[in-house]
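In our numbering, the protein residues as written are 322 to 746.
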């Protein structure tokens, strides 16, 4: 039978002519068969042939078959993967992480956290082609209402933007719904990380040195303030990392601990993290005291490293969680007997923050400071850590003016001396 004659005889139960690829099943539902971009046959279904049809009682509202056909044809014309675009956000994230499996344990934990957030939210079960810009923004708002930290939302949004970018590259989508500025949607409620002032720094060390509880932590805090080490780098130090002859600390690993894996060693995050940090006189003396007072701990070896410098009461290596708790209690006790309280956020990182700010305000060459801090990007050194204030800017202007004045006064004297020497000759 000729195709035209066959198509004319294909009608639905209302007598309407069905086009090529369209059919109606015995239960009344319409179907459309097409070939996807991979050459595979696919089907879509609807209870309505055209938008004006009514959905049978008890059935869910849906697009009409011909509306779906128009969408499919547009996707096929644009090379869009009509099957891939139907995967859920969770499935897309799983695909993305599977292709990028060689990551640090910390990154693995962050991925698990984001997958949990997605699984518990309606966004995770949504097909990726249904996620619009407004849906992405609503997700950010829901996360903040749920109590998720601003920085966590920012990092999660960055990851979601990356996976949707992959979907666009794979021709599953035309646009990236997460291509927006997060600070336009939610407010940054993060408590600012403020460095210690020089006065606070001196008073804190004096307090610790004379306090019966915190005196034993004095040298560790001095080392943090004098080297700018990350806390995981400090925890990983062994005697082999200290070069007293040339006065530097060799940084090429960090000690971490997790509930699942226990202690483990990781290399610095980037090549910039491998460095030799100079010892100031105060740091040199603090390290000497640490080695002199160091007691033998348990014979524990972590990925080839042993004899860690800083041990807890059980003789095991300290990790970040030990110092986080210590700084929290230290700040609470210090604030009780001082008019000027310490910053609201007091962590080991505050010491690193303070060191970098102090060095920057003292006029250290930015590239030298970047090297000591182990920053991969100079922008972080300049914009994030070095906090300029009106007073520091004013002092810098006065210093330069005084230097210029001294130079100007020295020139006539030098010229006069040179003339006298010439005359004498």
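All C-beta atoms in this analysis are idealised placements derived from N, C-alpha and C, irrespective of residue type, glycine included. Since the structure is predicted, the reported quantities are computational estimates derived from the model, not experimental observations.
Burial state of residue i, where buried means 16 or more other Cβ atoms lie within 10 Å
| i | result |
| --- | --- |
| residue 707 | Note that residue 707 scores 46 on pLDDT, short of 50, meaning its location in the model is unreliable; the coordinates nonetheless yield the value given after this. Answer is buried; the Cβ neighbour count reaches 16. |
| residue 699 | exposed |
| residue 591 | exposed |
| residue 705 | Annotation note: pLDDT 47 at residue 705 (below 50); position unreliable, coordinate value reported separately. It counts as exposed. |
| residue 364 | exposed |
| residue 321 | Outside the displayed span of the chain (322 to 746) sits residue 321, for which this structure offers no information. |
| residue 619 | exposed |
| residue 422 | exposed |
| residue 728 | exposed |
| residue 608 | buried |
| residue 338 | exposed |
| residue 712 | exposed |
| residue 549 | buried |
| residue 372 | exposed |
| residue 598 | buried |
| residue 377 | exposed |
| residue 356 | exposed |
| residue 443 | exposed |
| residue 508 | exposed |
| residue 582 | exposed |
| residue 433 | exposed |
| residue 400 | exposed |
| residue 424 | exposed |
| residue 722 | exposed |
| residue 695 | buried |
| residue 391 | exposed |
Coarse secondary structure for residue i, derived from DSSP in three states
| i | result |
| --- | --- |
| residue 622 | coil |
| residue 420 | coil |
| residue 384 | coil |
| residue 505 | helix |
| residue 362 | strand |
| residue 373 | coil |
| residue 409 | strand |
| residue 390 | helix |
| residue 401 | coil |
| residue 338 | strand |
| residue 378 | coil |
| residue 679 | helix |
| residue 697 | coil |
| residue 479 | helix |
| residue 332 | strand |
| residue 354 | strand |
| residue 705 | Per-residue confidence for residue 705 stands at a pLDDT of 47, beneath the threshold of 50, marking its modelled position as unreliable; the derived number appears in the next sentence. Helix, per DSSP. |
Top-ranked residue by Cα proximity to residue i, from the options
| i | options | result |
| --- | --- | --- |
| residue 466 | 438, 731, 403 and 483 | 438 |
| residue 474 | 510, 489 and 492 | 510 |
| residue 448 | 690, 503, 479 and 498 | 498 |
| residue 450 | 486, 478 and 406 | 406 |
| residue 715 | 396, 453, 682 and 413 | 682 |
| residue 388 | 408, 366 and 400 | 366 |
| residue 464 | 454, 477 and 452 | 477 |
| residue 635 | 413, 617 and 409 | 617 |
| residue 346 | 570, 355, 333 and 722 | 333 |
| residue 697 | 596, 520 and 505 | 596 |
| residue 458 | 564, 435, 502 and 560 | 502 |
| residue 671 | 685, 404, 645 and 593 | 645 |
| residue 354 | 523, 656 and 403 | 403 |
| residue 563 | 505, 600 and 434 | 600 |
| residue 559 | 489, 566 and 574 | 574 |
| residue 512 | 470, 390 and 594 | 470 |
| residue 483 | 524, 721, 720 and 413 | 413 |
| residue 642 | 580, 702 and 349 | 580 |
| residue 456 | 430, 481, 472 and 693 | 481 |
| residue 431 | 685, 341, 472 and 694 | 472 |
| residue 577 | 368, 637, 505 and 515 | 637 |
Exercise. Evaluate contact between the stretch 663 to 677 and the stretch 584 to 604, counting only Cβ atoms and requiring at least three cross-stretch pairs below 8 Å.
Key: The count of Cβ pairs closer than 8 Å, one atom from the stretch 663 to 677 and one from the stretch 584 to 604, stays below three, leaving the stretches out of contact.
Quiz prompt | Stretch-stretch touch, CB-based, cutoff 8 Å, three pairs: the stretch 406 to 420 with the stretch 369 to 387 | solution = The stretch 406 to 420 vs the stretch 369 to 387: no contact.
Quiz item: Is the stretch 644 to 651 close to the stretch 660 to 674, with three or more CB pairs under 8 Å?
Solution: Segments in contact, yes.
Quiz item: Which parts of the stretch 421 to 469 are runs of the beta strand (DSSP E), unbroken and 3 residues or longer, counting only runs that do not cross its ends?
Solution: As far as the stretch 421 to 469 is concerned, it has no whole beta strand (DSSP E) run of at least 3 residues.
Quiz item: Going along the chain, which unbroken runs of the beta strand (DSSP E) with 3 or more residues stay wholly within the stretch 531 to 615?
Solution: Runs of the beta strand (DSSP E) inside the stretch 531 to 615: 569 to 572, 575 to 579, 583 to 587 and 596 to 599.
Quiz item: Is it a yes or a no for the stretch 490 to 497 touching the stretch 528 to 546, going by three-plus beta-carbon pairs under 8 Å?
Solution: Counting Cβ pairs under 8 Å, fewer than three are found: no touch.
Quiz item: What alpha helix (DSSP H) runs, 4 residues minimum, are completely inside the stretch 623 to 672?
Solution: With a minimum length of 4 residues, the continuous alpha helix (DSSP H) runs that stay inside the stretch 623 to 672 are 641 to 657.
Quiz item: Does the pairing of the stretch 599 to 609 with the stretch 539 to 546 give three or more beta-carbon distances under 8 Å?
Solution: Short answer: they touch.
Quiz item: Counting pairs of beta carbons, one from the stretch 553 to 560 and one from the stretch 624 to 635, are three or more of them closer than 8 Å?
Solution: A contact exists between the stretch 553 to 560 and the stretch 624 to 635.
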